[in-house]
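Chains as they are written, first to last, in the working numbering: chain F, 11 to 211; chain P, 11 to 211; chain Z, 11 to 211; chain U, 11 to 211.
There are 4 protein chains.
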Amino acid sequence: MPRVVPEYKEEARTRILAAANQVFGEKGYRQATMDDVAKKLGVSKGALYLYFASKEELFEEICRTEPLAFKEILYSTFRENREPLESAGEFFDKMLKRYGSSSGLSFEIFSEASHNPALRRVLKKTQDEYAATLMSYLEEGRKRGFINRELDLRFITYALIALWNGIETIVATGLPVEDARRAWLEGFKAIFLQPPTHKRN
Amino acid sequence: MPRVVPEYKEEARTRILAAANQVFGEKGYRQATMDDVAKKLGVSKGALYLYFASKEELFEEICRTEPLAFKEILYSTFRENREPLESAGEFFDKMLKRYGSSSGLSFEIFSEASHNPALRRVLKKTQDEYAATLMSYLEEGRKRGFINRELDLRFITYALIALWNGIETIVATGLPVEDARRAWLEGFKAIFLQPPTHKRN
Amino acid sequence: MPRVVPEYKEEARTRILAAANQVFGEKGYRQATMDDVAKKLGVSKGALYLYFASKEELFEEICRTEPLAFKEILYSTFRENREPLESAGEFFDKMLKRYGSSSGLSFEIFSEASHNPALRRVLKKTQDEYAATLMSYLEEGRKRGFINRELDLRFITYALIALWNGIETIVATGLPVEDARRAWLEGFKAIFLQPPTHKRN
Amino acid sequence: MPRVVPEYKEEARTRILAAANQVFGEKGYRQATMDDVAKKLGVSKGALYLYFASKEELFEEICRTEPLAFKEILYSTFRENREPLESAGEFFDKMLKRYGSSSGLSFEIFSEASHNPALRRVLKKTQDEYAATLMSYLEEGRKRGFINRELDLRFITYALIALWNGIETIVATGLPVEDARRAWLEGFKAIFLQPPTHKRN
DNA sequence: TATGAATGAGTGTTCATTCAT
DNA sequence: GATGAATGAACACTCATTCAT
């Protein structure tokens, strides 16, 4: 690692976050050691502590930044001018490409959040953000005639998030990725099914 | 703990499993200690090892037996002769009553399964069982006119499981239980919306 | 170590305290490791934590119990019916025998107390106790005609304690023990010198 | 830190010594970090190593130079042409003013010296110097009629040093400074009591 | 069966010291 | 000279597991 440049510190942090993200995802947050993270970077354990005060802080920072990649994929695929189902498929594929078939950190995060209110607050905040974006996407979809009028968009939004998260769980329990993809699309379809009226337009 | 009786061993195991389930759910599998479990039972640490070879085995056994309670709730609420949405609401309420708003062991299990293929196989087996039951329930529903004919029941089944698991994740990230309930019902509705009404629009 | 007996736990604590006392005295509290203490006992590190919650607690407990030995020596040598100077010499010799020429834990304790108010309170309490005993000894001495009437006994008491503690400091800085002994006796004599009147009695 | 000038190096050393003295005194030698010292100076950690080879060397150098301030106070207060008790009071007050009620580095030094013969030698040397000065002061005092003739001046000298050091220990254990002052004066008085008064009793 | 004292490998964290810039 | 990022050897403390009783 070169240094001295002012952006260096930020870059180093980013590198550590990436490595930790991977290591925590592979081994699990609790089982992974700081040494694992350091080794993945080819760096000494002590170096990590120059950038993060503790393993926990490192993890929390991941919880804060991790969603950025997710957000990017989310926002780049669900655009109004496209067929929703096509977007959903692309979303799945991009997520798969990004994270592999390992569910990465998701359960680590949920699991920790279950026992850690502070972390829960962090997650809630970013989730609210997605939810808002997703909901306006759904509102747009409704205007275009998708999404049954009897469904409450606010809660369908949460249901959609839940569906995605849940898709990860069933992959984690061993369902083949291809089946999971179909399940995701089928669930998505259930929400977005064009009502017959649509066809008549 | 009394003893001597032959069924005693099985009963002791059951007791340990219940306590461990609770403790692991509260603290997380990795953070909870065998001592925590022992104390919850008012028993010595060593005693646990008379019934389970290791912490891991204890956890695996929970993964095997835990679904029993879930299965019971699942089967007792989703019966053919009832309004599906009503069943879904009752299911949520029973689950809530059983596990509290804490998601219990779910994420612990998913998280471990992510790094442990053996465990994944165990889970897959029980999940396949649910899936089969749920699918026949859905088939019945379709006969009764619920569930859009364009949806593939096999994958809708997985989607439904995913939806439920996902509902737990959004509770874990801080969504109020009441909102989660609505999301669950709304997602459920999306799948079960009566097509007849639909077509008439 | 045998076990099961109820006094066992107390005995184990005592043994650990003795070993820690010695190790901390030899290496210094901060430099000594828990492993050092464990090894001195031929015991694993973990065992120490069955009896003391932390290194600090172990040290504090030493600060509390250590003075017992000192007290015993103090009380057993300074008895009214003896020549004060003779008592003082015996006190020195007993202390030397007990602690060797190493000053043991004294400075560790003072040093820590300098930065730790809680510890300071503990020490103050035991010191007040000595001071009271010592002062009644001095009062008795005065009745017997020792100790100049112009001296305030309360503060002479503290001065005597200070003198003793100070004797340890000069040993620590390399003064030969024999010289320190003489210094102690000479200082003691300064306080206890029989005024001429005494001789006339 | 400016630079270039030749005396600069010496000045820098002095500055570091002063900062380290303060930091070690506040936190204790072993607990204080080189970073603490560097920060107190507003300098990088690495800079310290340009002037001192190690933390230990820095400490040893303090042990060598620290006594200078002490010596100055000692010599400036104990002058022959003054009332001894008055000198003693002034000495106490000056020391208090210089070091505050914290005992500064004393115990750190004694404690380290207990485990470090090299350091012990350093201290011995400076102490011998004090002792010599103090002893001639006492000899002068004796000529002026103070100090009982039965006391051996050489050892009374050590006793006096011990008394002072000991006064610091009792402050460290929580005795109020004002009481410590009285104890110091009372102990001093015991040594310097004018024999004439004495004899007349 | 049950206990709980003991073990010992392991983990997060610190910090004196080094060295490329 | 000065910096501060990096190192790596420690070290306090934990906990699953064992085993003598």
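Here a beta-carbon is modelled for each residue, glycine too, at the ideal position from N, C-alpha and C. On a predicted model such as this, the values are computed, not experimentally measured, just so you know.
Test: residue i CB closer than 9 Å to a CB of chain Z
i                     : result
residue 68 (chain U)  : no
residue 143 (chain U) : no
residue 156 (chain U) : no
residue 134 (chain U) : yes
residue 184 (chain U) : yes
residue 151 (chain U) : no
Beta-carbon separation (whole angstroms), residue i vs residue j, contact threshold 8 Å
i                     : j                     : result
residue 176 (chain Z) : residue 172 (chain U) : 3 Å
residue 47 (chain U)  : residue 33 (chain U)  : 5 Å
residue 87 (chain U)  : residue 101 (chain U) : 4 Å
residue 60 (chain F)  : residue 25 (chain F)  : Not a contact, Cβ separation roughly 12 Å.
residue 212 (chain Z) : residue 182 (chain U) : Residue 212 (chain Z) lies beyond the stretch modelled for chain Z, which goes from 11 to 211, so this question has no answer here.
residue 184 (chain F) : residue 131 (chain P) : 7 Å
residue 71 (chain U)  : residue 121 (chain Z) : With a Cβ gap of about 19 Å, residue 71 (chain U) and residue 121 (chain Z) do not count as contacting.
residue 97 (chain P)  : residue 108 (chain P) : Incorrect: roughly 16 Å between the Cβ atoms, too far for contact.
Inter-residue spacing [alpha-carbon to alpha-carbon] between residue i and residue j
i                     : j                     : result
residue 18 (chain U)  : residue 27 (chain U)  : 14 Å
residue 23 (chain F)  : residue 84 (chain P)  : 46 Å
residue 99 (chain F)  : residue 186 (chain F) : 16 Å
residue 125 (chain Z) : residue 174 (chain P) : 56 Å
residue 211 (chain Z) : residue 149 (chain U) : Because residue 211 (chain Z) carries a pLDDT of 37, less than 50, the predicted location of this residue cannot be relied on, and no value is offered for it.
residue 190 (chain Z) : residue 62 (chain U)  : 34 Å
residue 151 (chain Z) : residue 164 (chain U) : 26 Å
residue 11 (chain P)  : residue 40 (chain F)  : Any reading at residue 11 (chain P) must be qualified, since the residue scores a pLDDT of 49, below 50, and its modelled position is unreliable; the value itself is stated next. The straight-line gap from Cα to Cα measures roughly 33 Å.
residue 160 (chain F) : residue 95 (chain P)  : 14 Å
residue 7 (chain Z)   : residue 64 (chain Z)  : Lying outside 11 to 211, the shown extent of chain Z, residue 7 (chain Z) is not represented and no answer is given.
residue 136 (chain Z) : residue 45 (chain P)  : 38 Å
residue 56 (chain U)  : residue 43 (chain U)  : 13 Å
residue 128 (chain F) : residue 91 (chain F)  : 38 Å
residue 82 (chain F)  : residue 29 (chain P)  : 43 Å
residue 208 (chain P) : residue 21 (chain F)  : Because the pLDDT of residue 208 (chain P) is 42, which lies under 50, any placement of that residue in the model is unreliable, and the number read from its coordinates should be weighed accordingly. Approximately 54 Å, taken between the alpha carbons.
Residue i at chain P interface by Cβ criterion, 9 Å
i                     : result
residue 103 (chain F) : no
residue 148 (chain F) : no
residue 176 (chain F) : yes
residue 90 (chain F)  : no
Residue-chain proximity (residue i, chain F), Cβ-Cβ < 9 Å
i                     : result
residue 160 (chain P) : yes
residue 61 (chain P)  : no
residue 139 (chain P) : no
Near the ligand SAH: residue i beta-carbon under 8 Å from a heavy atom
i                    : result
residue 33 (chain F) : Among the components of this structure there are no ligands whatsoever, and the ligand SAH is therefore not found.
Practice task
May I ask you to verify whether the segment 61-79 of chain F touches the segment 111-123 of chain F, counting CB pairs closer than 8 Å and requiring at least 3?
Solution key: yes
The segment 193-203 of chain U / the segment 150-163 of chain U touching (three or more Cβ pairs under 8 Å): yes
Taking contact to mean 3 or more Cβ pairs, one atom from each stretch, closer than 8 Å, check whether the segment 163-182 of chain Z and the segment 189-199 of chain U are in contact. yes
- Message: For the structure I just gave you, are there three or more beta carbon pairs, one from the segment 133-151 of chain F and one from the segment 136-145 of chain P, closer than 8 Å?
- Response: no
Going along the chain, which residues of the segment 64-88 of chain F sit with their C-beta nearer than 7 Å to a C-beta in chain P? none
*Could you please tell me which residues of the segment 17-31 of chain F, in chain order, have their CB closer than 9 Å to any CB of chain P?*
none
**Message:** At a CB distance below 9 Å, what residues from the segment 31-59 of chain Z approach chain U? Give them in sequence order.
**Reply:** 35, 36, 37, 38, 39, 40 and 41
#### Entry: chain F contacts from the segment 93-122 of chain P (Cβ-Cβ distance under 9 Å)
112, 113, 114, 116, 117, 118, 119, 120, 121 and 122
Interfacial residues, the segment 185-196 of chain F to chain P, with Cβ spacing under 8 Å | 185, 189, 190, 192, 193, 194, 195 and 196
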